[in-house]
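First the structure, in the form of structure tokens, and then the observations on it.
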Amino acid sequence: MNNRQTILEIKNLHAGIEGKKILKGLNLTIKAGEVHAIMGPNGSGKSTLSAVLAGKPEYEVTEGEVIYMGKNLFEMTPEERAKEGIFLAFQYPVEIPGVNCAYFLKSALNEVRKYRGMSELDAIEFLNLAKEKMKLLELPEDFLKRSVNEGFSGGEKKKNEIFQMIILEPTLAILDETDSGLDIDALRIVSDGINQMRKPDKAQLVITHYQRLLNYIVPDFVHVLANGQIIKSGGKELALELEERGYDWLTNGKG
Amino acid sequence: MNKVLVQTKVKDLNHFNEHFKKAIEPLESSYPEWLFNLKLRALEQFNDIGFPAQDDEDWRFTNISPVEKTHWKIATKQSVQNLPEDILKNVPFLNIKSNRLVFVNGFYIPELSMITEELGFIGSIENFVKGDSDTLKKIYDESGLALNDAFCALNMALSMDGALILIPPNIKLSKPVHIVNISLSADSSIMSVPQHIISVGKQSNLILFETYSSYSSEATFTNAFTRIIANNGAVVEHIRCQTENQNSYNIATTQSCSGESVQLSSFSIALGGKISRHTIKSRLNGEGIESVFGGIYMASDSQLNDHHLVVEHIKPRCVSYEYFNGILSDKARGVFNGRIYVYPNAIKTDAKQTNKNLLLSDDAVINSKPQLEIYADDVKCTHGATVGRLDQNAIFYLRSRGININDARRMLIWAFASVILDHINNQECREELEKIVADWLSSHFANI
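One line per chain: the protein sequences are W and A, in this order. Each number in this note's numbering corresponds to the 1-based position in the first sequence with 2 added. Each number in this note's numbering corresponds to the 1-based position in the second sequence with 29 added.
Dropping the structure here:
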């Protein structure tokens, strides 16, 4: 394990929004091939962490550093991070009327490919690739023609996130509450998609409130985030313990 | 004691009258009597009312004093002799095969026109009026005259030419008809006064393009008036595209009147002009009409773009959907006024209006005024207007997938316009418009 490449190293991260401090000294190291789960009560900073890693402009980093693949993450724009292989599956995917899924995803994929020194895909090559991956996620045929997320059901929106992830093949996928709003069937399909991206040279950071998702995506490490810090780390069994005992025993300092 | 100040309109309308004396009166004998009398009446009416001032509610946000102050030279047939060879260079939709009628400064240019379908009449009014003036009179009577509007009255008085399209019943043209309007100004400020008349017979289909463009960058003033009559069961798609230069003034009225079960789509794409105003008046005068009115206005620098839309639901069970989206940057101003009027017996009316505006700078301004006047029960009418900036969450979403910030912005602006274009049925035209909008975006927003 130790000789595997470090993909992400978060050191003493302090960050917040509109002057409000949310992350207060967070440390986390993720190596290639690993799946990390971050769990925690509402308001603990889970979504702030994903937003800061993806580079959402309104969030402010006040202290600490994040090294991604040996580079200072905070020197990169959101689009550079995406091209470098960071992917955030949004908790609330944004609706974009008038931009169809095919045009959007082909533009994104070709930006990423150009950056990685690969040739751009033409319309037919893209369509072939997209259709193959759409089957995995059981997406309807007219999906590519529809405006991005517009009028999508909750399940379709989450599938669309995972569909994009599979097409863009990120090195580090951050999955923010991907299980929220999914029924059991959709949860299985989405999880299969995520597991398919589990590879020795890639890593996943799964942010979730409930243990349910972790039955499908089995993490190597589970971390508990509370009050802006990771207060406990463990193996996959920690998730089960949290399910049983809740978060109170940790946050009250009685653990 | 209150003193009422009456603002007297001191306006110099003389040169219009002089032009009438010099250019129209000598032709009295070539006009049928009713038409010449109509022109006299229109001129009188125009002299009476003069150009609208800003105390006129319909012109509150559109100050046309620059039009008024300019001493326009009204175009004559002489101004369109010896046309430059590349006169068509800025005309949109030329790639689409069509029956093409070309007007330069409001005058028909047969050498540049191409009519391949000899059905009914597709040609210039000037040629037609010398022959069958009764048909023309009937159309004028049917479509109403609207002389209470200064620009329509002025157009009626001064107009000498324009397109006349008469489609007999039960005809489906294989190609669209394209009315090309080009403003050409060599040394002085030219004013063009085209008047176009289109009558579509029962159960006939017509796709109509109406384009307004400038040959070069000089200031011109186009005062256009287009009437469309759609008889029972006709299917009409009208796409007007105005791409004049940024020094020009384009003030136009499109007036349509539809009969029973007509399907009417009418689009107004306005990108050009220093001041451009398009008044769209549509009478739904038969049961079961389905109509769509769509518009995109895009303005930058100090352009002003104004759309005034009046849809009258006169008979029961008519549908009208209105979608107008505006994109304004720099110090540009937009005006949208959309009025839906439902007559007392127009039950089961289904009318929906939206006007969405995207402001891309702090100084851009939009005045949006939706109006519903409903005098019938059992109707479904909605309207909504929004003003906003680019959605920052959407920009971030696109960036988080690797799309550069400027491309993300352009993509969203483009999408804002393209949702309107999606309502256009004619695919070739839609694709041409997509290119026109995209080109406009890349030339105006290269650095956003």
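Ideal Cβ positions, reconstructed from N, Cα and C, are used throughout, including at glycine.
Short CB-CB distance (under 8 Å) between residue i and chain A
i: W/Q93; result: no
i: W/K85; result: yes
i: W/A205; result: no
i: W/V208; result: no
i: W/E113; result: yes
i: W/M3; result: Residue confidence is low: W/M3 scores 48 on pLDDT, short of 50, so the model does not pin down where it sits. Its coordinate-derived value is still stated next. No - not a single Cβ of chain A is within 8 Å of the one on W/M3.
i: W/S49; result: no
i: W/I98; result: yes
i: W/E81; result: yes
i: W/L131; result: no
i: W/G257; result: Summary for W/G257: the model assigns pLDDT 39, below 50, so the residue's position carries little reliability; its value from the coordinates is reported in the next sentence. Closer than 8 Å: no.
i: W/S182; result: no
i: W/S46; result: no
Short CB-CB distance (under 8 Å) between residue i and chain W
i: A/S471; result: no
i: A/I477; result: Note that A/I477 has pLDDT 49, beneath the 50 cutoff, so the model's placement of it is unreliable and the number below is only indicative. Judged by the 8 Å Cβ criterion, A/I477 is not in contact with chain W.
i: A/I432; result: yes
i: A/R428; result: yes
i: A/A414; result: no
i: A/S162; result: no
i: A/M440; result: yes
i: A/N422; result: yes
i: A/F445; result: yes
Check whether residue i and residue j have beta carbons under 8 Å apart
i: A/N121; j: A/T272; result: The question names Asn, yet the displayed sequence has Pro at residue 121 of chain A. Result yes, Cβ atoms of A/P121 and A/T272 sit closer than 8 Å.
i: A/L441; j: A/L419; result: yes
i: A/G135; j: A/A104; result: yes
i: A/I449; j: A/N354; result: yes
i: A/A361; j: A/S331; result: yes
i: A/S349; j: A/A375; result: no
i: W/K161; j: W/A188; result: yes
i: A/T378; j: A/V408; result: yes
i: A/N119; j: A/E461; result: no
i: W/L28; j: W/Q206; result: no
Contact set for residue i: own chain, Cβ-Cβ below 6 Å, skip 5 residues either direction
i: A/S142; result: R129, L130 and V131
i: A/N31; result: Below a pLDDT of 50, predicted positions are generally treated as unreliable, and A/N31, at 47, falls in that range; no measurement from the model is reported.
i: A/G191; result: I154, P223, Q224 and H225
i: A/H337; result: T308 and N366
i: W/Y249; result: P43
i: W/M3; result: No answer about W/M3 holds up, because its pLDDT of 48 lies below 50 and its placement is not dependable.
i: A/L387; result: I356 and F445
i: W/A53; result: Y61
Cut-off 7 Å between Cβ atoms - residues of its own chain near residue i, not counting five sequence neighbours on either side
i: A/N314; result: C286, S287, G288, I343 and K344
i: A/K126; result: K204
i: W/K116; result: E122
i: W/K48; result: I40, G42, I209 and L227
i: A/P373; result: Y404 and A405
i: W/M167; result: F89, A91, A175 and M199
i: A/L470; result: R439, I442 and W443
i: W/P95; result: N151, K159, N162 and E163
Beta-carbon proximity list for residue i, same chain, < 8 Å, skipping 5 on both sides
i: W/A104; result: F128, L129, A132, L146 and K147
i: W/A241; result: A39, M41, Q213, L216, P221 and V224
i: A/K517; result: Because chain A is modelled from 30 through 477, residue 517 of chain A falls outside the range shown and cannot be assessed.
i: W/F106; result: I98 and V150
i: A/I144; result: N128, R129, L130, I151 and G152
Enclosing alpha helix (DSSP H) for residue i [first to last residue]
i: A/D5; result: Nothing about residue 5 of chain A can be read from this structure; chain A reaches only from 30 to 477.
i: A/F49; result: Segment: none, A/F49 is in no alpha helix (DSSP H) and carries neither H nor E.
i: A/P95; result: S94 to K98
i: W/R214; result: Where W/R214 is concerned, there is no enclosing alpha helix (DSSP H), given that its DSSP letter is neither H nor E.
i: A/M220; result: Segment I219 to S221 is the beta strand (DSSP E) holding A/M220; no alpha helix (DSSP H) there.
i: A/T105; result: It is not in any alpha helix (DSSP H) - A/T105 carries neither H nor E in the DSSP assignment.
i: W/V96; result: No alpha helix (DSSP H) contains W/V96, which DSSP labels as neither H nor E.
i: W/S168; result: The displayed chain sequence assigns Ile, not Ser, to residue 168 of chain W. Counting along the chain, the alpha helix (DSSP H) containing W/I168 begins and ends at G156 to L170.
Start-to-end residues for the beta strand (DSSP E) that takes in residue i
i: A/H412; result: K409 to G417
i: W/S52; result: W/S52 -> not in any beta strand (DSSP E); alpha helix (DSSP H) instead, spanning K48 to A56.
i: A/S305; result: I304 to L313
i: A/V120; result: Counting along the chain, A/V120 falls outside any beta strand (DSSP E), and DSSP gives it neither H nor E.
i: A/T240; result: N234 to S243
For residue i, the residue or residues it bridges with in DSSP
i: W/A175; result: W/F89 and W/Q206
i: A/K385; result: A/N354 and A/T415
i: W/A17; result: W/L25 and W/V63
i: A/P399; result: A/G367
i: A/D335; result: A/R306 and A/V364
i: A/R430; result: A/R430 is not bridged to any residue.
i: A/C270; result: A/T240 and A/I298
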